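Counting in my numbering, the sequence shown tops out at residue 540, every number present.
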Amino acid sequence: MRNFQYILLLTLLTTFGCNSQSNRSEYIYDSYERVNDFADVLTDDQEANLGELLKSLEDSIGSQLVILTLDSLGELTIEEYSIQVAENWQIGRANYDDGILIMLAIKDRKIRIEVGYGLELIIKDEIAKQIIDNTIVPEFRAGNFNGGLTQASKEIINLIYRNPELVGKKSND
368 MRNFQYILLL
378 TLLTTFGCNS
388 QSNRSEYIYD
398 SYERVNDFAD
408 VLTDDQEANL
418 GELLKSLEDS
428 IGSQLVILTL
438 DSLGELTIEE
448 YSIQVAENWQ
458 IGRANYDDGI
468 LIMLAIKDRK
478 IRIEVGYGLE
488 LIIKDEIAKQ
498 IIDNTIVPEF
508 RAGNFNGGLT
518 QASKEIINLI
528 YRNPELVGKK
538 SND
């Protein structure tokens, strides 16, 4: 009888545990790179060059900029997905909350720049939207994913370089 109860409990936990993950993003892994091109829109050389650009920010200021491309969001909104990824990957330094995620969902035609609280004084929502609308979208429409991601990354990095004293500061500080 005891074995039967154990097997029943194990079956229930497995069943409900698997179902509780149905809203979880399929691309959330325990570890990540600076460039995570799951949609395969970049060549290996482009990924390497973009990774070096992102590494330069991390090496000089400490802030982290990460890129994620994927095919589809599934049932989640891009806001839900990007927040899950940013929280799971813990982008940025904990004491500064200075991480940024540029996320692209190809089939859904969605783009988002998720900014950690410690960089919101530098990259406000309207600035992120301008970068998407004026830099990323025109390049993507031309089929130049690398150009859009590289130029957007450079703009974000330059904003941070021009305002290092604001890194880690929050609007309510």
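Note that the Cβ used here is the ideal one computed from N, Cα and C, for glycine as well. The structure displayed is predicted, hence computed values, not measured ones.
- Burial is judged here by how many other beta carbons sit within 10 angstroms of a residue's own beta carbon; Glu481 has at least 16 and is buried.
- Pairwise C-beta distances place the segment 422-431 in contact with the segment 450-461, as three or more of them are shorter than 8 Å.
- Sixteen is the threshold: since fewer than 16 other Cβ atoms of the shown chains lie within 10 Å of the Cβ of Asn462, the residue is exposed.
- Where Gln431 is concerned, there is no enclosing alpha helix (DSSP H), although the beta strand (DSSP E) around it starts and stops at Gln431 to Leu437.
- Setting aside the 5 residues that flank it on each side, Tyr399 is surrounded in the same chain by Trp456, each with a C-beta closer than 6 Å to its C-beta; the list follows chain order.
- The residue from Val534, Ser538 and Glu493 with its alpha-carbon nearest to that of Leu424 is Val534.
- Secondary structure at Ile498: helix, using DSSP grouped into helix, strand and coil.
- Boundaries of the alpha helix (DSSP H) harbouring Glu447: Ile445 to Trp456, taken from the DSSP string.
- Here the segment 434-448 makes contact with the segment 470-477; the two share three or more CB pairs at distances below 8 Å.
- A distance below 7 Å separates the beta carbons of Leu526 and Ile489.
- Per DSSP, the continuous beta strand (DSSP E) segment holding Asn403 begins and ends at Val402 to Asp404.
- In this structure, the alpha-carbon of Asn530 lies about 15 Å from that of Gly483.
- Judged by DSSP secondary structure, Ile527 falls outside any beta strand (DSSP E) and instead within the alpha helix (DSSP H) spanning Phe512 to Arg529.
- Burial check for Gly515: the Cβ neighbour count within 10 Å reaches 16 or more, so the residue is buried.
- In this structure, Ile478 is the residue among Asp411, Leu417 and Ile478 with its C-alpha nearest to the C-alpha of Lys496.
- Within 10 angstroms of the beta-carbon of Asp411 lie fewer than 16 other beta-carbons, which makes it exposed.
- Rounded to whole angstroms, Asp500 and Ile524 show a C-alpha spacing of 17 Å.
- With fewer than 16 other beta carbons inside 10 angstroms of its own, Arg508 counts as exposed.
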